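K.L.:
One structure is given below, represented as structure tokens, and several questions about it will come after.
As structure tokens, this is what we get:
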């Protein structure tokens, strides 16, 4: 499964989780989770239409940050027992770890390739 499809499917699960949390009247964390969890796929999709390698790396780096934020909210919800009765919790936690690993590898590989091909300098990599 490619990363764009994987993050789209993940966003759909996050929307289901958001609805579940809203039904339990947990709106603050659920809104944060909805924003970050759906932003991952949006940034991956934007990266596919990047105008340059630097733009691609920037969009994928944002997706990486959103993935890590989503993982944080999921861990917080799990440890606070809000998700005890949510049936897909294990799937979501496994999937976010897979997505973190894939996006991190894409960013690192893209940065390395960009540096070695000379399309990005070392200084511009530090700003990304």
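Residue numbers (the numbering used here): 1 to 128. Every residue, glycine too, gets a C-beta built ideally from N, C-alpha and C. Because the structure is a prediction, the values reported are computed rather than measured.
If you count every other CB in all the chains shown that lies within 10 Å of the CB of residue 98, and 16 or more means buried, which is it?
P.N.:
By the 10 Å Cβ count, residue 98 comes out exposed.
K.L.:
What are the uninterrupted segments assigned as alpha helix (DSSP H) that are 4 or more residues long and contained completely in the region 60 to 124, given in chain order?
P.N.:
Qualifying alpha helix (DSSP H) stretches, in chain order: 89 to 117.
K.L.:
Whole angstroms are fine: how far does the CA of residue 89 sit from the CA of residue 9?
P.N.:
C-alpha separation (whole angstroms): 15 Å.
K.L.:
Grouping DSSP H, G and I as helix and E and B as strand, with all else coil, what is residue 26?
P.N.:
Here residue 26 sits in coil by DSSP.
K.L.:
Could you tell me the alpha carbon to alpha carbon distance between residue 80 and residue 45, rounded to whole angstroms?
P.N.:
Answer to the nearest angstrom: the Cα atoms are 32 Å apart.
K.L.:
Buried or exposed for residue 12, please, with buried defined as at least 16 other CB atoms from any protein chain shown within 10 angstroms of its CB.
P.N.:
Its Cβ having fewer than 16 others within 10 Å, residue 12 is exposed.
K.L.:
Figure out for me which residue from 36, 38 and 85 has the closest Cα to the Cα of residue 24.
P.N.:
Of the listed residues, the one whose Cα sits closest to residue 24 is 85.
K.L.:
For residue 16, which of 83, 104, 112 and 111 has the nearest alpha-carbon?
P.N.:
Ranking the options by Cα distance to residue 16, first place goes to 83.
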